[in-house]
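Q:
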Amino acid sequence: WFNSPEVSIELRSSFVTTNRTPVMLADTAGHIRLGYVDANRFTIDGVATMMPAGNIRLELSGTVQPSFETGGSTQLPMTPVARLGGRGEVSLKVPLTISSSVEYTSKQNVDLAGTSTLGDRVIVGVGASTSLIPRTMLSLTVSDLFNTRYEWWRGYEAPGTTVMLNARLNIR
């Protein structure tokens, strides 16, 4: 990996061959069950953090993981080939930090044959945090800002836009 005051980059990779790998399977009626296959998985993970200015922080992350049943060429169910993300933060002169994020997940097979899939998706989020009140951190996060409709599993829809208010108090 590489590290400097402005940029930090870390890459990891692995290749694994397993027997009786658990895989989640969903049928057309939306029932989820556990199955087992012999599988090969190649994974590359990466994270890069950049500080282009003293008050700006950018983070990029990603995973590419082609995963196949041994002897096959169809991606394993519910295992996206790629997940990529980015997050940016800006600390303002007042005690306020604003952030935004974007996450991409590639399509996912629902069955071992790859005949049924869940589409790829892009999810955008925003947030803000402040320590204006002494010994207190308040944050507001909006996930799935554009209310993207997608399924976590066949027949199981994701919740859509989510707003979370968080308060942390240091009592020391």
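So for the sequence shown, our numbering puts the first residue at 3; every next one is plus one.
Idealized CB from N, CA, C, for every residue including glycine.
From the DSSP output, in three-state form, read off ARG59 for me.
A: Taking the first residue of the sequence shown as position 1, residue 59 is located at position 57. The answer is strand: DSSP assigns ARG59 an E or B state.
Q: Give the C-beta separation of SER15 and ILE46 to the nearest angstrom, bearing in mind that I take them to be a contact with Cβ-Cβ under 8 Å.
A: Start at 1 with the first residue of the sequence shown, and residue 15 comes out as number 13. Start at 1 with the first residue of the sequence shown, and residue 46 comes out as number 44. With 8 Å as the limit, SER15 and ILE46 qualify as a contact, their Cβ atoms being about 5 Å apart.
Q: Assuming TYR152 is part of the beta strand (DSSP E), what are its boundary residues?
A: Residue numbering aside, residue 152 sits at position 150 when the sequence shown is read from its first letter. Premise fails: TYR152 is in no beta strand (DSSP E) and is neither H nor E.
Q: Between MET166 and the rest of its own chain, which residues show a CB-CB distance below 7 Å, the 5 nearest in sequence each way excluded?
A: Position 164 of the sequence shown, counting from 1, holds the residue named residue 166. Excluding positions up to five away in sequence, the list reads THR143.
Q: Looking at LEU134 and PRO79, is the spacing between their C-beta atoms short of 7 Å?
A: Translated into the one-based positions of the sequence shown, residue 79 becomes position 77. Translated into the one-based positions of the sequence shown, residue 134 becomes position 132. No, Cβ-Cβ distance for PRO79 and LEU134 is not below 7 Å.
Q: Give me, in chain order, the residues of the same chain whose beta-carbon lies closer than 6 Å to that of ALA50; leave out the 5 immediate sequence neighbours on both sides.
A: Residue numbering aside, residue 50 sits at position 48 when the sequence shown is read from its first letter. These residues qualify, in order along the chain: ILE11, LEU62.
Q: With 16 as the cutoff for other CB atoms within 10 Å, does ASN149 come out buried or exposed?
A: Translated into the one-based positions of the sequence shown, residue 149 becomes position 147. Classification of ASN149: exposed, given that the 10 Å Cβ count is below 16.
Q: Could you check whether THR119 and PRO82 sit closer than 7 Å to each other, using their CB atoms as the reference points?
A: In the sequence shown, the residue the question calls residue 82 occupies position 80. In the sequence shown, the residue the question calls residue 119 occupies position 117. No, the Cβ-Cβ distance between PRO82 and THR119 is not below 7 Å.
Q: Do ASN42 and THR72 have their beta-carbon atoms positioned less than 7 Å apart in this structure?
A: In the sequence shown, counting from the first residue as 1, residue 72 sits at position 70. In the sequence shown, counting from the first residue as 1, residue 42 sits at position 40. It is a contact, given that the beta carbons lie within the stated cut-off.
Q: Using beta-carbon positions only, say whether ARG156 and ALA55 come within less than 7 Å of one another.
A: To locate residue 156, count along the sequence shown from 1; it is residue 154. To locate residue 55, count along the sequence shown from 1; it is residue 53. Contact: no.
Q: If you follow the beta strand (DSSP E) that ARG123 is part of, which residue opens it and which one closes it?
A: On the sequence shown, residue 123 is found 121 positions in, with the first residue counted as 1. Start and end: 123 to 132.
Q: Whose C-alpha, out of THR163, SER141, PHE17, is nearest the C-alpha of THR132?
A: Counting from one through the sequence shown, the residue named residue 132 turns up at place 130. Looking at the Cα atoms, SER141 is the closest of the given residues.
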